[in-house]
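Residue numbers (numbering that gives the first Met the number 0): 0 to 80.
Here's the structure we're looking at; comments come further down.
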Amino acid sequence: MKKDIHPEYKKVVFLDTSSDYKFLSGSTKESNETIEWEDGNTYPLIKVEISSDSHPFYTGKQKADKVGGRVDRFKKKYNMK
C-alpha cells in the first residue's frame, strides 16, 4: 500500500440507538464522541440506527419503527389525520 493515502484504521464502539446494543469493531470512521468499553479503554462512539441486534433479517421478527413511515411523517408534517 502507498503511504499516507489511506485512512487510519482503529477500534471503535458502535451503538445501535434502537436497541442500545453496543459492539467493538475496527473502522476508519471518525467521531467526536467517546465511550469507555468493558476492557477499561476509551474508544470513539459511532451511533447507528440498525444493527444485527435490531434488523428483522437477523432477529426473525419485526420491531415497531419509532420514526414511522413516509405517510406518517407526511401527515405529521402537514397536521393531517
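Cβ coordinates follow ideal geometry from the N, Cα and C atoms, glycine included.
In this structure, Ile45 lies near Ser26, with their beta-carbon atoms less than 8 Å apart. Judged by beta-carbon spacing, Ser50 lies beyond the 8 Å limit of Asp3, meaning their Cβ atoms are not closer than that value.
Residue state for Lys75 is assigned as helix, using DSSP reduced to three classes.
Residue burial is scored here from C-beta neighbours: Tyr8 has fewer than 16 other C-beta atoms within 10 angstroms and is therefore classed as exposed. Burial check for Val11: the Cβ neighbour count within 10 Å reaches 16 or more, so the residue is buried.
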